[in-house]
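Line by line, the protein sequences are chains A and B.
Quick note on numbering: this note's numbering labels position 110 of the first sequence as 110, and the sequence is numbered without any gaps.
Each position in the second sequence, counted from 1, maps to that position plus 1000 in this note's numbering.
Protein chains: 2
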Amino acid sequence: MSLVIVGTVAFDTIETPFGKADMVVGGAALYGSIAASHYTDDVQLVSVIGEDFPQDELDYMAGRGINQEGLQLKKGEKSFYWSGRYHDNMNKRDTLVTDLNVLETFDPVLPDSYKESAYVMLGNLQPEVQMRVIEQMNKRPKLIIMDTMNFWMDIAMDSLKKTIAKIDVLTINDEEARQLSGEYSLVKAAAKILDMGPTYLVIKKGEHGALLFDKNNIFSAPALPLAEVYDPTGAGDTFAGAFAGYIAQTDDISFENLKRAIIHGSAMASFCVEKFSNQRLKELTTAELDARLQKFVDLTTFDLALAEVA
Amino acid sequence: MSLVIVGTVAFDTIETPFGKADMVVGGAALYGSIAASHYTDDVQLVSVIGEDFPQDELDYMAGRGINQEGLQLKKGEKSFYWSGRYHDNMNKRDTLVTDLNVLETFDPVLPDSYKESAYVMLGNLQPEVQMRVIEQMNKRPKLIIMDTMNFWMDIAMDSLKKTIAKIDVLTINDEEARQLSGEYSLVKAAAKILDMGPTYLVIKKGEHGALLFDKNNIFSAPALPLAEVYDPTGAGDTFAGAFAGYIAQTDDISFENLKRAIIHGSAMASFCVEKFSNQRLKELTTAELDARLQKFVDLTTFDLALAEVA
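Rendered as structure tokens:
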């Protein structure tokens, strides 16, 4: 099934203890659409770039079947640029530069060919911008997935809650779930957030995995323990893209299938961090992904058959 | 099979956002032995108390089959006492009082009836004290499990490493694994720690669950997401006691069985935090534990059957 992915397509400059990558491609919709393209050949990109964005990266994405009809190119302008430096433990980073450039005036316009899509993934953007995408759909998609961040909770909580009321799956991290709900317990936080509108909540916990909630069920997915994280940039976006792509491919929005989608998202994200930018995702083979998925099975499978309790 | 449990039997005064419990019973070996007694009727306690320790608590433990031949009673002295206050989020606590009392001169003496035990659980104590327990065993136990903490890494790393070299399963938290190994990645930390001697490493991550490592395998166990944690005191000790008790009951030290033991430990710990002190463990029924174990199955089970990756 078709999947609209909205978000940034950008340049990043990244410093990690392993090295520095200057002006490499990044952005939520770039990582997300490449990840999703492993699952569905009908990814519909909505984003904005400047004249500086490299044609070969656009060609690569086109080659993976990513529709760029909704990708605006602003002549004479520059693409969104972010620069950051990760601390030794990779769990914290400092933002060095944020140049909005083309993003400052970004008004997403959906081509008519996108407006009947069954699935929509709203990458982290101003909540009003995410809302304008929803409003342009001709019919209600089967599932709208939305990513956001604490920044919008700090400065735009009201419009954020209005957008959250319109979507089906919210993906945020544990601190954001606490901030959004005012509850420390993630179980209580999830109950409050689901009351705001979404059917499902995905709480991303980085190296501790992810939790999936609906009103009656909880699923706990592990993260793969990794010997080395080379560059965490884009891991969350890759997770979201594979998660959405898997759901679009299987066209099944049950809790059981969303569990599978989370494992696929986690597996794909575990590749993303192995190299800078989208480099590792570009090299990824089906056999590698299958082997990685099996690692998640091995990591979590137990059998209580022997249990006898006195 | 028989299981020797060594550690503190103590008084705690605990403040949480839910209330205060004054001079309630606690200690690693108290929580551990009660948890283990749900699995094996041959728990052999090694500890020390003062004359102030309540007889009815000793009677309760005896009633659960916990052998107290190795429990020293020091006339005219006071039991070990700890007092702490938990912050609102329950993940941090301040120690208000630590009165070693009888613990200051504690020299564990194993009764002859304990010296052939197949299983030994060394609760957190000075590493030299833990070593003296190992040295008193007549034959090498099948499995020696050891808990410790950052305090000993700060002030007694050499003797800690000597004791770690003699045991089979080390249980520590993620920060302690990083401190002990000097590695941030838990995969690298585990490799270094397993090189110090143990066959297995359990890394406890609190609300994020636990990881089990041997040289070739990793298992990731979730923690049960809880709406409310009433009092976290003793949860780690309860985990360790149920983990050791399950292994002693099943008499199986394979990686597969240690996975089951971790799920049992996690389930038992999830009860411990529901009330102050050992109150909830005292009320626990087999049916409740079975239902809680099923929750861990539901929480983690997924089936990739539908996976098709392009």
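Each residue gets a CB set at the ideal place from its N, CA and C atoms; glycine is no exception.
What does B/S1270 touch in chain A if you count any residue whose Cβ is under 9 Å from its own?
Locating residue 1270 of chain B in the second sequence gives position 270, counting from the first residue. Under the 9 Å cutoff, chain A gives no residues; its nearest Cβ is about 12 Å from B/S1270.
Any chain B beta carbon closer than 8 Å to A/L186:
Stepping through the first sequence from its first residue, residue 186 of chain A is reached at position 186. Any Cβ of chain B closer than 8 Å to the Cβ of A/L186 would place that residue at the interface, and such an atom is present.
### Task
Identify each residue in the region 1210-1233 of chain B for which the Cβ-Cβ distance to at least one residue of chain A is less than 9 Å, and report them in chain order.
Within the region 1210-1233 of chain B, the residues whose Cβ lies closer than 9 Å to some Cβ of chain A are L1211, F1213, N1217, I1218, F1219, S1220, A1221, P1222, A1223, L1224, P1225, L1226, A1227, E1228, V1229, listed in chain order.
I need the straight-line Cα distance from A/I311 to A/F213, nearest angstrom please. Chain A is shown only over 1 to 310; residue 311 of chain A falls outside these bounds and no answer can be derived.
Going straight from the alpha carbon of A/K192 to that of A/F255, what length do you get?
As a position in the first sequence, residue 192 of chain A is number 192, starting the count at 1. As a position in the first sequence, residue 255 of chain A is number 255, starting the count at 1. About 19 Å.
| Euclidean distance between Cα positions of A/L299 and B/G1234 | The residue you call residue 299 of chain A lines up with position 299 of the first sequence. The residue you call residue 1234 of chain B lines up with position 234 of the second sequence. Whole-angstrom Cα-Cα distance: 27 Å.
_Using beta carbons (cut-off 8 Å, strictly below), is A/L273 in contact with chain B?_
Taking the first residue of the first sequence as position 1, residue 273 of chain A is located at position 273. The question names Leu, but residue 273 of chain A is Val in the sequence shown. Taking 8 Å as the CB threshold, A/V273 stays off the interface with chain B.
Chain-ordered residues of the region 1130-1152 of chain B with a beta carbon less than 7 Å from chain A:
Answer set for the region 1130-1152 of chain B: empty.
My guess is that A/V202 and A/T171 are in contact by the Cβ rule of under 8 Å, so how many angstroms apart are they, rounded?
The residue given as residue 202 of chain A occupies position 202 in the first sequence. The residue given as residue 171 of chain A occupies position 171 in the first sequence. Indeed, because the Cβ distance is near 4 Å, the residues count as touching under 8 Å.
Worksheet item: Bridge partners of A/A21, per DSSP?
Response: For this step, residue 21 of chain A is matched to residue 21 along the first sequence. In DSSP, A/A21 forms a bridge with A/I14.
* Asked: At least one CB of chain A closer than 8 Å to the CB of B/D1042: is that the case?
  -> Sequence index remark: in the second sequence, residue 1042 of chain B carries index 42 (1-based). Cβ-Cβ to chain A under 8 Å: no for B/D1042.
Quiz item: According to DSSP, is B/T1300 helix, strand or coil?
Solution: Counting from one through the second sequence, the residue named residue 1300 of chain B turns up at place 300. DSSP places B/T1300 in helix when its eight states are reduced to three.
### Sequence-distant residues of its chain with Cβ nearer than 6 Å to A/H264 (five each side left out)
Locating residue 264 of chain A in the first sequence gives position 264, where the first residue counts as 1. Within the same chain, A/H264 has close Cβ partners A242, Y246.
Could you tell me whether the Cβ of B/D1088 comes closer than 8 Å to any Cβ of chain A? If you number the second sequence from 1, residue 1088 of chain B lands on position 88. Yes, contact with chain A.
Helix, strand or coil at B/Q1068 according to DSSP, with G and I counted as helix: Working through the second sequence from its first residue, we reach residue 1068 of chain B at position 68. In the structure shown, B/Q1068 sits in a strand (DSSP, three-state: E or B).
**Report entry** Contiguous beta strand (DSSP E) assignments of at least 3 residues, all confined to the region 195-219 of chain A
**Finding:** Segments of the beta strand (DSSP E) lying fully in the region 195-219 of chain A: 200-204, 210-213.
| message | Does B/Y1081 come out as helix, strand or coil in the three-state DSSP assignment? | response | Position 81 of the second sequence, counted from the start, is the residue given in the question as residue 1081 of chain B. In this structure, B/Y1081 counts as strand in the three-state DSSP scheme.
task = Report all residues from its chain with a CB closer than 7 Å to the CB of A/A310; omit the five preceding and five following residues, and keep chain order.
result = Sequence index remark: in the first sequence, residue 310 of chain A carries index 310 (1-based). Any reading at A/A310 must be qualified, since the residue scores a pLDDT of 47, below 50, and its modelled position is unreliable; the value itself is stated next. In its chain, beyond the 5 residues on either side, no residue has a beta carbon closer than 7 Å to the beta carbon of A/A310.
> Is B/I1014 closer than 8 Å to B/S1033 when the C-beta atoms are compared?
Replying inline: Mapped onto the second sequence, residue 1033 of chain B falls at position 33. Mapped onto the second sequence, residue 1014 of chain B falls at position 14. Result no, Cβ atoms of B/S1033 and B/I1014 do not sit closer than 8 Å.
| At a Cβ threshold of 8 Å, is A/L299 touching chain B? | Here residue 299 of chain A refers to the residue found at position 299 when the first sequence is read from its first residue. The beta carbon of A/L299 falls within 8 Å of a beta carbon belonging to chain B, placing the residue at that interface.
- Task: Within its chain, find whatever has a CB closer than 8 Å to the CB of A/M353; leave out the 5 residues flanking it on each side and keep chain order.
- Result: This structure does not reach residue 353 of chain A, given that chain A is present from 1 up to 310, and the question cannot be answered.
Checklist entry - So the beta strand (DSSP E) A/T148 belongs to, where does it begin and stop? => result Position 148 of the first sequence, counted from the start, is the residue given in the question as residue 148 of chain A. Per DSSP, A/T148 lies in no beta strand (DSSP E) and is assigned neither H nor E.
inquiry  = What does the alpha-carbon distance come out to for the pair B/K1205 and B/N1091?
reply    = Mapped onto the second sequence, residue 1205 of chain B falls at position 205. Mapped onto the second sequence, residue 1091 of chain B falls at position 91. Distance from the CA of B/K1205 to the CA of B/N1091, rounded to the nearest whole angstrom, comes to 11 Å.
Report the rounded CA-to-CA distance for B/L1306 versus A/S266, giving the unit in angstroms. For this step, residue 1306 of chain B is matched to residue 306 along the second sequence. For this step, residue 266 of chain A is matched to residue 266 along the first sequence. Confidence is the limiting factor: at B/L1306 the pLDDT is only 49, short of 50, which leaves the residue's position unreliable and the question unanswerable from this model.
(request) For the alpha helix (DSSP H) holding B/V1129, just list the boundary residues, first then last. (result) Looking up residue 1129 of chain B in the second sequence gives position 129. Looking at the DSSP string, the run of the alpha helix (DSSP H) that includes B/V1129 is 1127-1136.
Nearest-angstrom Cβ-Cβ length linking A/N124 and A/A28, presumed shorter than 8 Å = The residue labelled residue 124 of chain A in the question sits at position 124 within the first sequence. The residue labelled residue 28 of chain A in the question sits at position 28 within the first sequence. Indeed, because the Cβ distance is near 6 Å, the residues count as touching under 8 Å.
- B/I1134 versus B/G1007 - alpha carbon distance: Taking the second sequence and counting its residues from 1, the one referred to as residue 1134 of chain B is at position 134. Taking the second sequence and counting its residues from 1, the one referred to as residue 1007 of chain B is at position 7. So the two alpha carbons sit approximately 13 Å from each other.
| For B/I1049, does the count of other Cβ atoms within 10 angstroms reach 16, so buried, or fall short, so exposed? | The residue labelled residue 1049 of chain B in the question sits at position 49 within the second sequence. So B/I1049 ends up on the buried side.
Problem - Against chain A: residues of the region 1248-1264 of chain B by CB proximity under 9 Å - result: Shown in chain order are the members of the region 1248-1264 of chain B whose Cβ falls below 9 Å from a Cβ of chain A: Q1249, T1250, D1252, E1256, N1257, K1259, R1260, I1262, I1263, H1264.
Check your understanding: Can you tell me where the beta strand (DSSP E) with A/N173 in it begins and where it stops?
Key -> The count along the first sequence starts at 1 and reaches residue 173 of chain A at position 173. Looking at the DSSP string, the run of the beta strand (DSSP E) that includes A/N173 is 169-173.
Name, please, each residue of chain B whose Cβ falls closer than 8 Å to the Cβ of A/L194.
Here residue 194 of chain A refers to the residue found at position 194 of the first sequence. Residues of chain B passing the Cβ test: none, with the nearest at roughly 14 Å.
**Message:** Could you give the first and the last residue of the continuous alpha helix (DSSP H) run that contains B/T1098?
**Reply:** For this step, residue 1098 of chain B is matched to residue 98 along the second sequence. Careful: B/T1098 lies outside any alpha helix (DSSP H), inside the beta strand (DSSP E) at 1093-1099.
| said: With H, G and I counted as helix, E and B as strand and the rest as coil, what does DSSP make of A/S159? | reply: Residue 159 of chain A sits at position 159 when you count from the first residue of the first sequence. The three-state secondary structure of A/S159, taken from DSSP, is helix.
Starting from the beta carbon of A/F302, find every residue of chain B whose beta carbon is closer than 9 Å, and list them in chain order.
Position 302 of the first sequence holds residue 302 of chain A. In chain order: F1219, A1221, E1256, K1259, R1260, I1262, I1263, F1296, V1297, T1300.
Practice item. From the DSSP output, read off the bridge partner residues of A/Q44. Key: Walking along the first sequence from the start, residue 44 of chain A turns up at place 44. Bridge partners of A/Q44 according to DSSP: A/V4, A/N67.
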